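Mapping of the sequence shown onto the working numbering: residues 18 to 337, in sequence order.
Glycine included, every Cβ here is placed at the ideal spot set by N, Cα and C.
Here the structure is a predicted model, which means the values were calculated and not measured.
Let me begin by presenting the structure, written as structure tokens, before commenting on it.
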Amino acid sequence: MNHTTTYDQIFAQDVLQGLSSPLKTLPSKYFYDEKGDKLFQAIMALPEYYLTRTEYAILETYKAQILDRFAKSGKPFNLVELGAGNGLKTKILIQYLCDQKVEFTYFPIDISGYVLKELEEDLKEICPQVKVHPITGTYRHALKDREWDNGSPTLMLFLGSNYGNFLEEDAKELLDRISDSLRINDGLLMGFDLKKDPELILAAYNDAQGVTRDFNLNLLERINRELGGNFELDKFKHWPIYDPVSGECKSFLVSLEEQQVFIEALNKTFQFTHAEPIFTEVSKKYGLHDIDALSQEKGFKVEKNFMDDEAFFSDSLWVK
Ligand code: AVI
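Here is the structure:
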């Protein structure tokens, strides 16, 4: 059985499990196929999606402060990135390290092989001498295999508010795995989207051009393409909500009528009642005290929260 077959089967199983549960759900990690990657790149450039440009500016401003603990040690180190994507922001850090002639190996981890290929090619252009070791797969697998574990110090990056895409229990378990994979004095740079005016948050997940809507609906399209589903996309509405207490922005696809959907790969028909939601994604927002509490709980010390002037976003440097 090859890797693709296995992955398709896991996708099919996850869809079966998600659509069979009382609150129908589809895991957000399946947004990112070739089409989803392109849509996400378009989201990152949207005026409403403040996250990417804000974090970009933070990294540009504070790159030396963030990296010098590793860059100035005189020893080679590993730069490991969970959810690297197209690496737009990380290029700022890599460019700095290259300019400083620091010896390091970059291990970008992403579920999408497409974006990793793009990233590797781009990096060769901006920094030909950079050593890149891409890892295609889930965080879970990558943290188990630890292909970077060669005894050198590690700075792990978990940028872009990717951590916010995990529901509380999974998020804490993931952080345990991250913590277990790091040694004393290793670093972890976590990107947190901060709690703010709910209107700004909601607009970021409900943009005027409808790119986020298409991104959400691509989950159904992907099921149609890969699993032989017959979802009719115009019968589902993209519906994000933001809860300022929990900081959770949740996205749903709401069935606009009573309907049945058949999925060939599962040989199964799913019933949708009128107005029934499918929960597709959580994007959690944090307060600074939440970040402190989380780091302590997981055995880290917050060295510094690097923030923009409006305190929209924090790249929080934790040390084990
Ligand atoms: C990848 N992740 C951090 C994005 C977010 O903001 O939660 C995914 C996204 N979903 C809708 N827009 C962007």
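Name, in chain order, the residues that DSSP records as bridge partners for residue i.
{"i": "cysteine 266", "result": "Tyr259 and Ser300"}
{"i": "glycine 208", "result": "Asp332"}
{"i": "proline 93", "result": "According to DSSP, proline 93 bridges with nothing at all."}
{"i": "threonine 229", "result": "None; threonine 229 has no bridge partner."}
{"i": "glutamate 253", "result": "The displayed chain sequence assigns phenylalanine, not glutamate, to residue 253. In the DSSP output, where bridge partners are listed per residue, phenylalanine 253 has Ser272."}
{"i": "valine 149", "result": "Tyr123"}
{"i": "proline 294", "result": "Val271"}
{"i": "glycine 246", "result": "Ile280"}
{"i": "leucine 99", "result": "Ile126"}
Around the Cβ of residue i, are there at least 16 other Cβ atoms within 10 angstroms (buried) or fewer (exposed)?
{"i": "alanine 88", "result": "buried"}
{"i": "leucine 250", "result": "exposed"}
{"i": "leucine 160", "result": "buried"}
{"i": "alanine 225", "result": "exposed"}
{"i": "threonine 290", "result": "exposed"}
{"i": "leucine 136", "result": "buried"}
{"i": "proline 138", "result": "The residue you asked about is not proline; residue 138 is glutamate in the sequence shown. Exposed, since its Cβ has fewer than 16 Cβ neighbours within 10 Å."}
{"i": "isoleucine 201", "result": "exposed"}
{"i": "proline 39", "result": "exposed"}
{"i": "aspartate 162", "result": "exposed"}
{"i": "asparagine 233", "result": "buried"}
{"i": "arginine 242", "result": "exposed"}
{"i": "glycine 102", "result": "buried"}
{"i": "isoleucine 195", "result": "buried"}
{"i": "serine 90", "result": "exposed"}
{"i": "glutamate 314", "result": "exposed"}
{"i": "aspartate 197", "result": "exposed"}
{"i": "valine 228", "result": "buried"}
{"i": "glutamate 51", "result": "exposed"}
Mind checking which residues open and close the alpha helix (DSSP H) that includes residue i?
{"i": "valine 132", "result": "130-143"}
{"i": "isoleucine 83", "result": "67-88"}
{"i": "glutamate 274", "result": "Note, glutamate 274: premise wrong, no alpha helix (DSSP H); not H, not E."}
{"i": "aspartate 197", "result": "185-198"}
{"i": "lysine 161", "result": "156-162"}
{"i": "glutamate 314", "result": "305-314"}
{"i": "threonine 107", "result": "107-116"}
{"i": "leucine 56", "result": "51-61"}
Taking the alpha-carbon positions, what's the residue i to residue j distance?
{"i": "alanine 188", "j": "phenylalanine 279", "result": "32 Å"}
{"i": "alanine 74", "j": "glutamate 320", "result": "19 Å"}
{"i": "methionine 18", "j": "glutamine 30", "result": "Residue placement at methionine 18 is poorly supported in this model, since its pLDDT is 43, which falls under 50; the coordinates are not used for a value here."}
{"i": "glycine 316", "j": "phenylalanine 287", "result": "44 Å"}
{"i": "histidine 20", "j": "leucine 96", "result": "Unreliable positioning characterises histidine 20 in this predicted model, as indicated by a pLDDT of 48, which lies under 50. A coordinate reading is not provided."}
{"i": "aspartate 166", "j": "lysine 254", "result": "45 Å"}
{"i": "leucine 110", "j": "alanine 292", "result": "46 Å"}
{"i": "isoleucine 126", "j": "proline 294", "result": "32 Å"}
{"i": "proline 257", "j": "glutamine 146", "result": "43 Å"}
{"i": "leucine 56", "j": "lysine 148", "result": "29 Å"}
{"i": "serine 263", "j": "leucine 191", "result": "19 Å"}
{"i": "serine 37", "j": "alanine 282", "result": "15 Å"}
{"i": "leucine 236", "j": "serine 45", "result": "8 Å"}
{"i": "lysine 337", "j": "aspartate 85", "result": "16 Å"}
{"i": "leucine 140", "j": "glutamate 77", "result": "17 Å"}
{"i": "proline 151", "j": "phenylalanine 269", "result": "32 Å"}
{"i": "lysine 213", "j": "glycine 304", "result": "9 Å"}
{"i": "glutamine 82", "j": "glycine 208", "result": "16 Å"}
{"i": "tyrosine 49", "j": "leucine 43", "result": "13 Å"}
{"i": "lysine 41", "j": "lysine 301", "result": "20 Å"}
In terms of residues, what are the limits of the beta strand (DSSP E) holding residue i?
{"i": "aspartate 127", "result": "121-127"}
{"i": "threonine 171", "result": "171-175"}
{"i": "asparagine 223", "result": "Neither: asparagine 223 is in no beta strand (DSSP E) and is coded neither H nor E."}
{"i": "phenylalanine 323", "result": "318-324"}
{"i": "glutamine 288", "result": "285-289"}
Find the nearest neighbour of residue i within the set the options, judged by alpha-carbon distance.
{"i": "phenylalanine 330", "options": "Gln34, Ile218, Ala159 and Leu191", "result": "Ile218"}
{"i": "leucine 63", "options": "Ala220, Leu305, Glu138 and Gly168", "result": "Ala220"}
{"i": "aspartate 54", "options": "Ile295, Asp260, Asp231 and Asn241", "result": "Asp231"}
{"i": "asparagine 371", "options": "Leu43, Tyr49, Phe28 and Ile60", "result": "This structure cannot speak to residue 371, because the chain is shown only from 18 to 337."}
{"i": "arginine 157", "options": "Val147, Gly204 and Leu99", "result": "Leu99"}
{"i": "lysine 118", "options": "Phe28, Phe94 and Ile128", "result": "Phe94"}
{"i": "glutamate 120", "options": "Pro170, Leu76 and Glu164", "result": "Pro170"}
{"i": "tyrosine 47", "options": "Phe28, Gln58 and Thr78", "result": "Phe28"}
{"i": "glycine 204", "options": "Ser178, Lys318, Arg194 and Gly130", "result": "Lys318"}
{"i": "isoleucine 308", "options": "Met324, Glu298 and Phe296", "result": "Met324"}
{"i": "glutamate 216", "options": "Asp260, Val132, Lys41 and Arg70", "result": "Asp260"}
{"i": "glycine 35", "options": "Glu164, Ile240 and Glu51", "result": "Ile240"}
{"i": "glutamate 164", "options": "Asn182, Leu174, Tyr123 and Asp193", "result": "Tyr123"}
{"i": "phenylalanine 175", "options": "Leu206, Leu334, Ser312 and Thr107", "result": "Leu206"}
I want to check one thing, is the minimum distance from the CB of residue i to the heavy atoms of the ligand GTP below 7 Å?
{"i": "threonine 229", "result": "Annotation note on the ligand GTP: not contained in the displayed structure, which lists the ligand AVI as its ligands."}
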